[in-house]
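Only one structure is covered here, and it is reproduced in the block below.
In the working numbering, the protein residues as written are 19 to 92.
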């Protein structure tokens, strides 16, 4: 359903992690941090050649951002 990613993030958070990320491909992602749910929109490339490694690239960019900022959605 429409609430499935948000519900999944909340259920995973119950297991103990302080931050949960659910990626949704072209639909962006859902981030649960400090009990606040953020829906992050996708920024698709102008031309997709190969989706291999997209998840790794997303995580690397997210972690680099979080190391320098406390703002999840910036």
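Ideal Cβ positions, reconstructed from N, Cα and C, are used throughout, including at glycine.
Problem - Within 8 Å, strictly: CB atoms of residue 67 and residue 56 - result: To locate residue 67, count along the chain shown from 1; it is residue 49. To locate residue 56, count along the chain shown from 1; it is residue 38. In this structure, residue 56 does not lie closer than 8 Å to residue 67 by Cβ.
Problem - Beta-carbon proximity check, residue 51 vs residue 40, cutoff 8 Å - result: Along the chain shown, read from residue 1 onward, the residue named residue 51 stands at position 33. Along the chain shown, read from residue 1 onward, the residue named residue 40 stands at position 22. Cβ atoms of residue 51 and residue 40: not closer than 8 Å.
Practice task
Output yes or no for whether 8 Å exceeds the beta carbon distance between residue 58 and residue 22.
Solution key: Locating residue 58 in the chain shown gives position 40, where the first residue counts as 1. Locating residue 22 in the chain shown gives position 4, where the first residue counts as 1. No, they are not a contact pair.
Practice task
Compute the Euclidean distance between the alpha carbons of residue 80 and residue 89, then round it to the nearest angstrom.
Solution key: Counting from 1 along the chain shown, the entry for residue 80 is found at position 62. Counting from 1 along the chain shown, the entry for residue 89 is found at position 71. Going by the C-alpha atoms only, they are around 11 Å apart.
Exercise for the section: Could you spell out where the beta strand (DSSP E) holding residue 57 opens and where it closes? Expected result: Locating residue 57 in the chain shown gives position 39, counting from the first residue. It spans 54-58 - the beta strand (DSSP E) in which residue 57 sits, taken as one unbroken run.
Handout entry: Rounded separation between residue 75 and residue 35 - CA only
Key = To locate residue 75, count along the chain shown from 1; it is residue 57. To locate residue 35, count along the chain shown from 1; it is residue 17. Their backbone Cα atoms lie some 21 Å apart in a straight line.
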